[in-house]
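*Asks:* First, the structure itself, so that you have it in front of you.
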Amino acid sequence: MKTIPIPLHQVKRGSRLIISEIPDGRAKAQLIRLGVVKGEFIRCLERLPGGTIVIQKHRQEIAIGVALARSILVTYAAPENPSKA
Amino acid sequence: MHNQTDTGPFQPASPEHIEKHRHVGLDVSETEVHGLSVALVGNPNVGKSLVFNYLSGMYVDVSNYPGTTVELIKGHYKAYDIHDTPGVYGISAFTAEEAVTRDIVLSADIVLNVVDAVHLERDLFLTQQLIDMGKKVAVILNFMDEVKTLGLRIDTKLLSSYLGVPVFETTATTRTGFDQLDDALLQARRGEQDSSLHHKLHTMLSVTGSEAEALLILEGDEATALRHGVATGHDRELLYIGRRNRVNIVINAVLSETNTRTRLATLFGRWAVNAWTGIPLLLLALYLIYLFVGKLVAQDVVSFTESTLGKNLWEPWIQGIVTRFISPSSWLGTILVGEFGVVTMTVTYLLFLLLPLVIAFYLSLAIMEDSGYLPRLATLVDRSLNSIGLNGAAVIPLILGFGCVTMATITTRLLGSEREKTIAAAILQFAIPCSAQLAVVAALLAGAGFGAILIYSITIFIVFVAVGTVLDRILPGATTPLLIDLPPMRLPRLDNVLRKTTYRTYFFMKEATPWFFAGALGVGILQVTGLLTVWQNLLAPLTTGWLQLPREASTAFVMGMVRRDFGAAGLYVLALKPHQVVVALVTITLFTPCIASLMVMLKERGWKEALMVWTGTWVVAFFVGGVLSQILI
Ligand SMILES: Nc1nc2c(ncn2[C@@H]2O[C@H](COP(=O)(O)OP(=O)(O)OP(=O)(O)O)[C@@H](O)[C@H]2O)c(=O)[nH]1
Ligand SMILES: [Mg+2]
């Protein structure tokens with residue numbers, strides 16, 4: 865398990881992640897509304913060739929463009945905890 | 060195409076219906092009943108428009124992607140003025156639609172907050188914000204059917220006591236629970252505000268006089284602050300995080316999961332955004348649409364309707380009747396039943412050529428919209444669209460453009476920045492043929508062979524990319540990154556698909572018909588006065604010299620200025636070689652947008668942009684058409 869934050873657009877597909885930083889601005893406000901905030905668990909569902917990322921938070925799937933994903937820092941979390949995603 | 064008043068894209072299905080509603084069970088006078096203003100507010104794609112359609116008896120589009128409703132729509136129900144609003148994740152003014160929703164929330168007496176019960180984590184944030192604003196709120200807890208199938212349990216009573224407002228369970232697609240909407244309107248009340256807010260709110264309250272506005276100013280809403288002449292607060296993030304935490308507590312208490320199942324639809328959704336499976340899926344979808352629209356309808360159905368019904372039955376019949384009274388060689392005869400006859404050619408084009416194809420296009424679009432595929436397509440092509448200054452979200456207006464460019468231009472509102480709106484609107488006007496135009500294109504290309512289809516598509520695609528690239532270079536600013544939530548994939552509901560197709564087709568035909576008749580009349584008059592020959596001679600260097608088409612092709616360009624599809628139809632009567640067909644179709648596809656579209660451009664994007672696009676289309680159409688002609692012919 866790594867603990868050094870990495871940018872979201874570089875994470876492995878299928879990995880479980882903890883958000884460690886979201887840059888200030890509109891995107892941050894929008895992400896807070898969607899429930900994606902610092903310290904929350906998310907899962908990376910898909911990483912498209914250009915770096916567009918699809919994440920899952922609970923039952924919600926969210927697509928994030930590479931320019932934004934690049935500025936969101938995450939760390940890998942312990943794999944699968946059967947009850948939570 | 061659609062009207063642009065504040066009643067939205069669609070007029071009431073029947074005024075009588077509204078009248079009936081307005082007076083049900085009420086003995087009060089008109090002035091008294093027009094007091095209460097109700098706003099249907101919720102996250103995007105939660106069923107607000109379904110509730111609105113039910114209450115108002117009107118029709119507004121319902122689709123499975125966030126951002127279907129982009130403007131305020133007003134209807135009536137009993138004593139209430141009901142407003143359908145663009146979906147928002149919170150009250151603020153990050154985008155133009157958010158500002159629309161903010162304003163109506165501020166002025167509304169009652170807020171019906173529609174909530175997607177499957178996505179409480181997301182939706183309750185807005186609910187809590189509405190409550191914090193001190194509005195009278197009732198929560199419509201929708202999607203109860205999916206709550207069951209997904210094995211979720213929600214303690215509605217507990218939720219209601221946490222929020223301090225009544226909560227009503229519904230399933231909007233089957234109208235289950237809609238009998239409680241009356242109660243919801245009556246019982247809406249102020250809820251449990253976040254207690255840590257009180258102090259801050261009260262300080263600001265002395266300035267604004269309304270809690271709602273006080274909160275918005277604290278959260279940094281500039282327009283509201285400006286209105287009251289105070290500085291915006293800097294606490295947005297703090298307040299947002301506090302609200303997020305509060306919502307998480309509520310959810311932990313009221314929501315439990317009994318089992319988790321992955322549905323087939325969910326898997327489909329995942330495949331659609333995977334690079335390996337997504338592209339084959341996209342190709343498959345395109346191929347199915349081609350089979351349905353391009354093969355079945357454009358060839359088989361249209362050949363029956365156009366030649367059998369139109370050319371062999373309708374035209375001789377109506378000619379027979381008209382020529383009984385008017386000589387076919389007289390000027391009136393020419394206008395009515397001649398080459399561009401108002402009752403011959405025009406009727407055949409409209410009813411027997413365009414109508415079947417427009418229906419087919421709208422049907423395909425409706426299925427795509429309702430399946431939840433469009434936001435996934437947006438994700439798949441996000442990176443490619445970045446290179447022309449757009450993000451994936453632009454795929455939605457661009458695809459809708461294949462239905463009606465005019466309508467799609469309005470949908471560009473859902474894009475994140477002015478820059479993106481400008482690029483998307485320009486691409487729509489330059490390079491996206493609408494359904495009616497494609498109808499004629501498909502019919503003509505079908506005869507010219509596969510090579511012709513390929514050359515046509517590639518050329519249009521190159522122009523598409525070129526327009527985007529050039530604008531991306533010259534416009535200042537940067538593209539906003541994609542950030543959209545992906546709605547669940549669902550099997551489209553037949554009733555909604557059919558209703559949507561019917562309404563859209565109806566409005567399309569209603570819009571197109573007068574222009575076609577006026578256009579035919581105009582061309583007919585040009586013909587009998589000899590002005591058509593003058594015009595043909597005037598344009599001859601372009602048409603015969605540069606494009607290498609017969610000189611009669613310039614007639615199509617006159618017609619094209621009225622509507623592009625009408626222009627394409629004008630090519631129908633010409634005897635063209637396959638290569639000429641391609642050149643002519645490319646030119647007319649890229650030619651000026653139809654008048655209705657130009658009007659919407661004026662309104663949405665301003666006269667400068669509209670004028671630039673209009674003149675630009677002349678240059679691009681003839682330039683590209685000519686180059687193609689020099690290469691091919
Ligand atoms: N299964 C199910 N589907 C629903 C329910 N309510 C709405 N839908 C579907 O959800 C989608 C969105 O419905 P709309 O009425 O367009 O939602 P909206 O809130 O107006 O969306 P925007 O205008 O984009 O903000 C449509 O595909 C509906 O068929 C429900 O209770 N159950
Ligand atoms: Mg809507």
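Taken in order, these protein sequences are the chains called A and B.
Residue numbers in the first sequence follow our numbering, run continuously in steps of one, and reach 949 at the last position.
Residue numbers in the second sequence follow our numbering, run continuously in steps of one, and reach 692 at the last position.
From the three backbone atoms N, C-alpha and C, an ideal C-beta is built for every residue, glycine too.
Around the Cβ of Ile846 of chain A, are there at least 16 other Cβ atoms within 10 angstroms (buried) or fewer (exposed)?
*Replies:* Any question about residue 846 of chain A goes unanswered here, given that chain A covers just 865 to 949.
*Asks:* How would you list, in chain order, the residues of chain B whose beta-carbon sits under 8 Å from the beta-carbon of Pro913 of chain A?
*Replies:* The answer, in chain order, is Ala334 and Arg442.
*Asks:* Relative to the alpha-carbon of Thr471 of chain B, which residue among B:Leu277, B:Val361, B:Ala155 and B:Thr651 has its alpha-carbon at the smallest distance?
*Replies:* Thr471 of chain B has its Cα closest to that of B:Ala155, out of B:Leu277, B:Val361, B:Ala155 and B:Thr651.
*Asks:* Measuring only from the beta carbon, is Lys107 of chain B closer than 6 Å to any heavy atom that is part of ligand 2?
*Replies:* Checking the Cβ of Lys107 of chain B against ligand 2 gives yes.
*Asks:* So Thr676 of chain B packs on Gln488 of chain B, CB below 8 Å; how close in whole Å?
*Replies:* Thr676 of chain B to Gln488 of chain B, Cβ: 7 Å. Contact.
*Asks:* In whole angstroms, what is the alpha-carbon distance linking Glu270 of chain B and Pro869 of chain A?
*Replies:* When rounded, the distance between both Cα atoms is 41 Å.
*Asks:* Among the residues of its own chain, which have a CB less than 7 Å from the CB of Asp86 of chain B, if the five just before and after it don't count?
*Replies:* Summary for Asp86 of chain B: the model assigns pLDDT 41, below 50, so the residue's position carries little reliability, and this model does not support an answer.
*Asks:* Between Val121 of chain B and ligand 4, is there a pair consisting of the residue's CB and a ligand heavy atom that are separated by less than 6 Å?
*Replies:* Looking for ligand 4 in the displayed structure turns up nothing; the ligands present are ligand 1 and ligand 2.
*Asks:* For chain B, find out if any of its Cβ atoms is closer than 7 Å to the Cβ of Lys948 of chain A; answer yes or no.
*Replies:* For Lys948 of chain A, the predicted model reports a pLDDT of 45, less than 50, meaning its position is unreliable; a value from the coordinates is still stated below. With 7 Å as the cut-off, Lys948 of chain A does not count as an interface residue toward chain B.
*Asks:* Could you have a look at His922 of chain A and say whether DSSP puts it in helix, strand or coil?
*Replies:* Correct three-state label for His922 of chain A: coil.
*Asks:* Check the C-beta distance from Ile224 of chain B over to Val198 of chain B and give it rounded, since I have them as a contact under 8 Å.
*Replies:* Note on residue identity: the sequence assigns Val, not Ile, to residue 224 of chain B. Yes, they are in contact, since the Cβ atoms of Val224 of chain B and Val198 of chain B sit about 6 Å apart, within 8 Å.
*Asks:* Unbroken beta strand (DSSP E) runs of length 3 or more, entirely within the region 625-675 of chain B: which are they?
*Replies:* DSSP runs (the beta strand (DSSP E)) wholly in the region 625-675 of chain B: none.
*Asks:* For ligand 1, is there any heavy atom lying closer than 6 Å to the beta carbon of Phe227 of chain B?
*Replies:* Not under cutoff, so the answer is no.
*Asks:* Under 8 Å, with one C-beta from each stretch per pair, do the region 404-420 of chain B and the region 93-103 of chain B reach the 3-pair mark?
*Replies:* At 8 Å Cβ cutoff, the stretches do not touch.
*Asks:* Is there at least one Cβ from chain A nearer than 7 Å to Asp544 of chain B's Cβ?
*Replies:* Output row for Asp544 of chain B: interface = yes.
*Asks:* Under 7 Å between C-beta atoms, does Val938 of chain A make it to chain B?
*Replies:* Closer than 7 Å: no.
*Asks:* Are the region 175-195 of chain B and the region 109-129 of chain B in contact at 8 Å, needing three or more beta carbon pairs?
*Replies:* Touching, no.
*Asks:* Does the beta-carbon distance from Val170 of chain B to Leu189 of chain B come in below 7 Å?
*Replies:* In this structure, Leu189 of chain B lies closer than 7 Å to Val170 of chain B by Cβ.
*Asks:* Is any heavy atom in ligand 2 found nearer than 6 Å to the beta carbon of Thr468 of chain B?
*Replies:* No, ligand 2 has no heavy atom inside 6 Å of this Cβ.
*Asks:* Rounded to whole angstroms, what is the Cα-Cα separation between Arg248 of chain B and Thr407 of chain B?
*Replies:* Taking the straight line joining both Cα atoms gives about 58 Å.
*Asks:* Quick one: give me the first and last residue of the alpha helix (DSSP H) that Gly578 of chain B is part of.
*Replies:* Residues Leu553 to Thr588.
*Asks:* Any heavy atom of ligand 2 closer than 6 Å to the beta-carbon of Thr215 of chain B?
*Replies:* Every heavy atom of ligand 2 is 6 Å or more from the Cβ of Thr215 of chain B, so no.
*Asks:* Is it the case that the CB of Thr127 of chain B approaches a heavy atom of ligand 2 more closely than 6 Å?
*Replies:* Indeed, a heavy atom of ligand 2 lies less than 6 Å from the Cβ.
*Asks:* Please state the DSSP three-state secondary structure of Val679 of chain B.
*Replies:* Reduced to three states, the DSSP call for Val679 of chain B is helix.
*Asks:* Name the residue from A:Ile919, A:Gly889, A:Arg911 and A:Leu881 whose alpha carbon lies nearest to the alpha carbon of Trp335 of chain B.
*Replies:* Minimum Cα distance to Trp335 of chain B is reached at A:Arg911.
*Asks:* Check Asn450 of chain B in the structure and name its three-state DSSP category.
*Replies:* Three-state result, Asn450 of chain B: coil.
*Asks:* Beta-carbon within less than 6 Å of Leu436 of chain B's beta-carbon, same chain only, minus the 5 sequence neighbours each way: which residues are those?
*Replies:* Val454.
*Asks:* Write down every uninterrupted run of the beta strand (DSSP E) in the region 252-332 of chain B whose length is 3 residues or greater and which is fully enclosed by it, in chain order.
*Replies:* Correct list: 314-316.
*Asks:* Ends of the alpha helix (DSSP H) at Tyr515 of chain B?
*Replies:* Looking at the DSSP string, the run of the alpha helix (DSSP H) that includes Tyr515 of chain B is Phe509 to Ile533.
*Asks:* Which two residues bound the contiguous beta strand (DSSP E) that contains Leu95 of chain B?
*Replies:* Note, Leu95 of chain B: beta strand (DSSP E), Leu95 to Gly101.
*Asks:* Nearest chain A C-beta to Asn450 of chain B closer than 7 Å, yes or no?
*Replies:* Chain A, which has a Cβ nearer than 7 Å to the Cβ of Asn450 of chain B, makes this yes.
*Asks:* So what does Lys133 of chain B bridge to, in DSSP terms?
*Replies:* Answer is B:His142.
*Asks:* By the 8 Å beta-carbon criterion, what residues does the region 922-938 of chain A contribute toward chain B?
*Replies:* Answer in chain order: His922, Arg923, Gln924, Glu925, Ile926, Ala927, Ile928, Gly929, Val930, Ala931, Leu932 and Ala933.
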